[in-house]
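S.K.:
2 protein chains.
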Amino acid sequence: MYPKPIKDFIDNFSKLPGVGPRQAARLAFWLLNGEKNIRENLKKSLEGLGSEIGICPICFFTVEKRDKGTRDGSMHRQSRHGDDKCHFCDNPGRDHKTICVVEKETDLATIEKSGNYKGLYHVLGGLFSALDTAIPKNLKMPELISRLEENKKNASKGVKEIILALSPTHEGDLTAHYLERLLKPLKIKITRIGRGLPYGADVEFADAQTLSGALDSRKEIK
Amino acid sequence: MYPKPIKDFIDNFSKLPGVGPRQAARLAFWLLNGEKNIRENLKKSLEGLGSEIGICPICFFTVEKRDKGTRDGSMHRQSRHGDDKCHFCDNPGRDHKTICVVEKETDLATIEKSGNYKGLYHVLGGLFSALDTAIPKNLKMPELISRLEENKKNASKGVKEIILALSPTHEGDLTAHYLERLLKPLKIKITRIGRGLPYGADVEFADAQTLSGALDSRKEIK
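Residue numbers (the working numbering), protein chains in the order written: chain A, 806 to 1027; chain B, 806 to 1027.
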């Protein structure tokens, strides 16, 4: 039906999460009829992900590489000790005694944008699966433990609180429970972000789990 | 917040139609944590749009270029007489006496997939705007007229029917009315695709315009 380069484009772009073949087809013709530099910029952006992005060896957030050398590109969340620290871990203005554990980078961005949190982060890189009972191997849990143990040796840097900012889903709960057990021996305060009704919600339409979470985390008005 | 290469990626990808900054951010991290060859394939697909796609000089559908030379890439729907005919215009098995006028390539694909139409096409490349009274300059209307006049000289190729397969929207109606007036002097039968309720719809929930269209295009049961 379509010429081969367009078919290839649709095949490749519809593999992206949230992009279906119809949207991919619309994108193809939109780009085809648009300026060349739009396509050039997209190509450069894809290139940039491969060669200019490193991973912070402490919290596993992304960091811009200073020497933009070539490398294999696929990073699979390996800790690369050659990479620089991110602008959180490297910032003495942040509270280094609090670590907020998040599932993924975009969660970190949402917390950061909310503007209230000034501590450090730890990007787990995923959650436990509700269907698979095995403990996922790629989660940065051992790295969190060794980060905390490393900190403990240095009295001035000791971490005082770990905030588990995982989504209140079955997967988030599984992961949080496992982390709680894992972190307990370190004797550091562990908290989890509050549950309740989101701002603007109507009690009438709240589901049972949200409401019981809201009742559990009720606060005394003083 | 994000390192610059990721910020650039989000900026560039959220310019695409139907892609917002949040989806662009998710795409960036999905690609970053995925295989390198996924990014490579996307880059090649973008490249392919620039250098391997031509435009049929007759109906303005896309066509794969045989010599994949370099060129400026941005085509702006110029008729390129150097490009080959598409596989509709070049196919003697199609009915060359019927031309179906469509707004865009993806509309053509939907009609073609429905499997009932065996004639040729003409891709207008847009519709009149409901807000702007000027006649859009980039629509391939003059090209349709000269295509039909050219055909008329050759008695064996004379076109017998033009089907206007434009969406039943205000923009589609404006464009169809203008085309009707433009094509009338050529004395070729002009039709427009039927209006009515889509398959599976419920009369109860049909809007007034759809219902009056359905009544207007009622058919006698024999």
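C-beta atoms are modelled at their ideal positions from N, C-alpha and C, and glycine is treated no differently.
Quick check: residue 889(A) and residue 868(A), are their CB atoms within less than 8 Å of each other?
M.R.: Within the first sequence, residue 889(A) is the residue found at index 84, counting from 1. Within the first sequence, residue 868(A) is the residue found at index 63, counting from 1. Closer than 8 Å, so yes.
S.K.: So which of 841(A), 830(A), 1018(A) and 902(A) has the shortest CA-CA distance to residue 914(B)?
M.R.: Residue mapping note: residue 914(B) aligns to position 109 of the second sequence, counting from 1. Residue 830(A) is the option with its Cα nearest to residue 914(B).
S.K.: In the DSSP output, which residue or residues are listed as bridge partners for residue 905(B)?
M.R.: As a first step, residue 905(B) is located in the second sequence; it is residue number 100 there, counting from the start. BP columns for residue 905(B) point to 926(B) and 968(B).
S.K.: Which residues in the same chain as residue 836(A) place their Cβ atom closer than 7 Å to its Cβ, once the five residues preceding and following it in sequence are excluded?
M.R.: Residue 836(A) sits at position 31 when you count from the first residue of the first sequence. Excluding residues within five positions, the ones whose Cβ falls inside 7 Å are 843 and 844.
S.K.: Alpha carbon to alpha carbon, how far is residue 918(B) from residue 817(A)?
M.R.: For the purposes of this step, residue 918(B) is taken as residue 113 along the second sequence, with counting starting at 1. For the purposes of this step, residue 817(A) is taken as residue 12 along the first sequence, with counting starting at 1. The straight-line gap from Cα to Cα measures roughly 21 Å.
S.K.: Is the beta carbon of residue 925(B) closer than 8 Å to that of residue 904(B)?
M.R.: Here residue 904(B) refers to the residue found at position 99 when the second sequence is read from its first residue. Here residue 925(B) refers to the residue found at position 120 when the second sequence is read from its first residue. Yes, they are a contact pair.
S.K.: Beta strand (DSSP E) containing residue 869(B): first to last residue?
M.R.: To locate residue 869(B), count along the second sequence from 1; it is residue 64. That run of the beta strand (DSSP E) goes 867 to 869.
S.K.: What is the rounded straight-line gap between the Cα of residue 982(B) and the Cα of residue 857(B)?
M.R.: Your numbering for residue 982(B) matches position 177 in the second sequence. Your numbering for residue 857(B) matches position 52 in the second sequence. The alpha-carbon atoms of residue 982(B) and residue 857(B) are separated by roughly 36 Å.
S.K.: Kindly indicate the opening and closing residues of the beta strand (DSSP E) around residue 994(B).
M.R.: Position 189 of the second sequence holds residue 994(B). Residues 994 to 997.
S.K.: Taking buried to mean at least 16 other C-beta atoms within 10 Å of its own C-beta, is residue 806(B) buried or exposed?
M.R.: Taking the first residue of the second sequence as 1, we reach residue 806(B) at position 1. With fewer than 16 other Cβ atoms within 10 Å, it is exposed.
S.K.: Take every Cβ of the stretch 958 to 971 of chain A, pair it with every Cβ of the stretch 993 to 1013 of chain A, and state whether three or more of those distances are shorter than 8 Å.
M.R.: yes
S.K.: Please tell me whether residue 899(A) has its Cβ less than 8 Å away from any Cβ of chain B.
M.R.: To locate residue 899(A), count along the first sequence from 1; it is residue 94. Taking Cβ atoms only, chain B never reaches closer than 8 Å to residue 899(A), which makes this a no.
S.K.: Just to confirm, is the Cβ distance from residue 893(B) to residue 865(B) under 8 Å?
M.R.: On the second sequence, residue 893(B) is found 88 positions in, with the first residue counted as 1. On the second sequence, residue 865(B) is found 60 positions in, with the first residue counted as 1. The answer is no: Cβ separation not under 8 Å.
S.K.: Quick check on residue 816(B): does DSSP put it in helix, strand or coil?
M.R.: Stepping through the second sequence from its first residue, residue 816(B) is reached at position 11. Of the three classes helix, strand and coil, the one that applies to residue 816(B) here is helix, per DSSP.
S.K.: At a Cβ cut of 8 Å, what residues of the stretch 907 to 931 of chain A count as close to chain B, listed as they run along the chain?
M.R.: 909, 910, 911, 914, 917, 918 and 930
S.K.: Let me confirm a value: residue 824(A) is counted as buried when at least 16 other C-beta atoms fall within 10 Å, else exposed. Which label applies?
M.R.: Mapped onto the first sequence, residue 824(A) falls at position 19. Counting Cβ neighbours within 10 Å, residue 824(A) comes out buried, since at least 16 surround it.
S.K.: Does DSSP put residue 940(B) in a helix, in a strand, or in coil?
M.R.: As a first step, residue 940(B) must be located in the second sequence, where it is residue number 135. The DSSP-derived three-state label of residue 940(B) is coil.
S.K.: With three or more C-beta pairs closer than 8 Å as the rule, is the stretch 999 to 1013 of chain A touching the stretch 925 to 941 of chain A?
M.R.: Three or more beta-carbon pairs separated by less than 8 Å are not found between the stretch 925 to 941 of chain A and the stretch 999 to 1013 of chain A, which leaves the two stretches without contact.
S.K.: Quick check on DSSP: helix, strand or coil for residue 1026(B)?
M.R.: In the second sequence, residue 1026(B) corresponds to position 221, counting from 1. Three-state result, residue 1026(B): coil.
S.K.: Under 8 Å between the Cβ atoms of residue 834(B) and residue 911(A)?
M.R.: In the second sequence, the residue the question calls residue 834(B) occupies position 29. In the first sequence, the residue the question calls residue 911(A) occupies position 106. Yes, the pair counts as a contact, with Cβ atoms nearer than the cut-off.
S.K.: Under the DSSP definition of a beta bridge, which residues are partnered with residue 950(B)?
M.R.: As a working note, residue 950(B) is residue 145 in the second sequence. Answer by DSSP bridge pairing: none, since residue 950(B) is not bridged.
S.K.: Let me see if you follow: with CB-CB separation under 8 Å, is residue 853(A) close to chain B or not?
M.R.: Numbered from its first residue, the first sequence carries residue 853(A) at position 48. By the rule that beta-carbons nearer than 8 Å mark a contact, residue 853(A) touches chain B.
S.K.: Residue 858(A) lies in the beta strand (DSSP E); which residues open and close that run?
M.R.: Position 53 of the first sequence, counting from 1, holds the residue named residue 858(A). Here the beta strand (DSSP E) through residue 858(A) covers 858 to 860.
S.K.: I'd like the list of long-range same chain contacts for residue 1018(B), defined as Cβ closer than 7 Å, with 5 residues on each side in sequence excluded.
M.R.: Residue 1018(B) sits at position 213 when you count from the first residue of the second sequence. 973, 1000 and 1001, listed in sequence order.
S.K.: At a CB-CB cut-off below 8 Å, which residues of chain B make contact with residue 972(A)?
M.R.: Residue numbering aside, residue 972(A) sits at position 167 when the first sequence is read from its first letter. Going along chain B, no residue has its Cβ under 8 Å from residue 972(A), so there is no contact; the nearest lies around 14 Å.
S.K.: Per DSSP, what kind of secondary structure is residue 890(A) in: helix, strand or coil?
M.R.: Taking the first residue of the first sequence as position 1, residue 890(A) is located at position 85. In this structure, residue 890(A) counts as coil in the three-state DSSP scheme.
S.K.: Have a look at residue 819(B) and residue 822(A) and give me their C-alpha separation to the nearest angstrom.
M.R.: Taking the first residue of the second sequence as position 1, residue 819(B) is located at position 14. Taking the first residue of the first sequence as position 1, residue 822(A) is located at position 17. Approximately 14 Å, taken between the alpha carbons.
S.K.: If you measure from the beta carbon of residue 813(B) to each beta carbon in chain A, is any gap under 8 Å?
M.R.: Numbered from 1 along the second sequence, position 8 holds the residue referred to as residue 813(B). For residue 813(B), the answer is yes, since a Cβ of chain A falls inside 8 Å of its Cβ.
S.K.: If the cut-off is 9 Å on Cβ atoms, which residues from the stretch 826 to 846 of chain A count as contacting chain B, listed in chain order?
M.R.: When CB distances to chain B are screened at a threshold of 9 Å, the residues of the stretch 826 to 846 of chain A falling below it are 827, 828, 830, 831, 832, 833, 834, 835, 836, 837, 838, 839, 840, 841, 842, 843, 844, 845 and 846, in chain order.
S.K.: Using only the alpha-carbon positions, how far apart do residue 1029(B) and residue 953(B) sit?
M.R.: Any answer about residue 1029(B) is impossible in this case: the structure gives chain B only from 806 up to 1027.
S.K.: Cutting at 7 Å between CB atoms, please list the residues of its own chain near residue 976(A), excluding the five before and the five after it.
M.R.: Position 171 of the first sequence, counting from 1, holds the residue named residue 976(A). Take residue 976(A), set aside five residues on each side of it, and the residues of its chain with a beta-carbon closer than 7 Å to its own are 932, 933, 934 and 935, in chain order.
S.K.: Using the rule of at least 16 other Cβ atoms within 10 Å of the residue's Cβ for burial, across every protein chain shown, is residue 1022(A) buried or exposed?
M.R.: The sequence position of residue 1022(A) within the first sequence is 217, counting from 1. Residue environment analysis places residue 1022(A) among the exposed positions, since fewer than 16 neighbouring C-beta atoms fall within 10 angstroms of its C-beta.
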